[in-house]
Structures are given as structure tokens and as C-alpha cells.
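Notes for the one structure printed next.
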Ligand SMILES: [Zn+2]
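Numbering (this note's numbering), first residue to last: 14 to 84.
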């Protein structure tokens with residue numbers, strides 16, 4: 014599910030969610046400034062910047078769980 018674009022502050026610019034086919038995969042991951050990543054998907058949509066903060070928040074690895082505990 015594409016949820017629109019998480020912005021610098023983790024807010025979404027777009028209110029519309031749209032279905033994304035299950036076989037859509039990232040084709041390319043491009044750094045955006047020093048704060049995030051842009052993902053270019055196999056269906057060519059590339060809306061949205063995934064901030065490192067956002068990615069840390071949704072990551073379930075032990076390392077990120079530790080980071081979250083300090084916030
Ligand atoms: Zn992690």
C-alpha cells in the first residue's frame with residue numbers, strides 16, 4: 014500500500030492511499046540529502062522520501078529497538 018509521502022517530519026503530504034501490486038519491488042534506492050532515502054519502485058512510482066527517522070521507527074531489528082528506547 015502506498016501511503017503517500019512521509020515528509021521530513023514524518024507527516025504524509027498525500028491523503029490518498031493506493032493499492033500497489035504485490036510484485037512491486039524497489040529498483041533503486043537514492044540518498045536524499047543527509048536525512049533520507051528515495052526509493053524508485055519497479056512500477057516506476059518514486060513518490061515519497063523515507064527519512065532515516067521514519068525507517069528507524071518502523072524497523073524491528075534489535076539495534077533500532079535500542080535507539081527507540083532513548084527517545
Ligand atoms: Zn534496524
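Just so it is clear, CB atoms sit at the ideal spot from N, CA and C, and this is done for glycine as well. The structure displayed is predicted, hence computed values, not measured ones.
Item to check | As assigned by DSSP and simplified to three states, the class of residue 32 | outcome: One-based indexing of the chain shown puts residue 32 at position 19. Note: residue 32 maps to coil in three-state DSSP.
Checklist entry - Where residue 41 and residue 62 are concerned, what is the direct C-alpha to C-alpha distance, given to the nearest angstrom? => result Looking up residue 41 in the chain shown gives position 28. Looking up residue 62 in the chain shown gives position 49. Their backbone Cα atoms lie some 13 Å apart in a straight line.
Checklist entry - So, do the region 63-74 and the region 46-55 have three or more beta carbon pairs nearer to each other than 8 Å? => result Output reads yes: the region 46-55 touches the region 63-74.
Item to check | Minimum C-alpha distance to residue 54 - residue among 71, 35, 75 | outcome: Numbered from 1 along the chain shown, position 41 holds the residue referred to as residue 54. Distances from the CA of residue 54 to each of 71, 35, 75 were compared; the closest alpha carbon is that of 35.
Item to check | Contact under 8 Å by Cβ, residue 37 with residue 56 | outcome: Taking the chain shown and counting its residues from 1, the one referred to as residue 37 is at position 24. Taking the chain shown and counting its residues from 1, the one referred to as residue 56 is at position 43. Using a Cβ distance threshold of 8 Å, residue 37 and residue 56 count as a contacting pair.
Checklist entry - Where residue 60 and residue 76 are concerned, what is the direct C-alpha to C-alpha distance, given to the nearest angstrom? => result Sequence index remark: in the chain shown, residue 60 carries index 47 (1-based). Sequence index remark: in the chain shown, residue 76 carries index 63 (1-based). So the two alpha carbons sit approximately 28 Å from each other.
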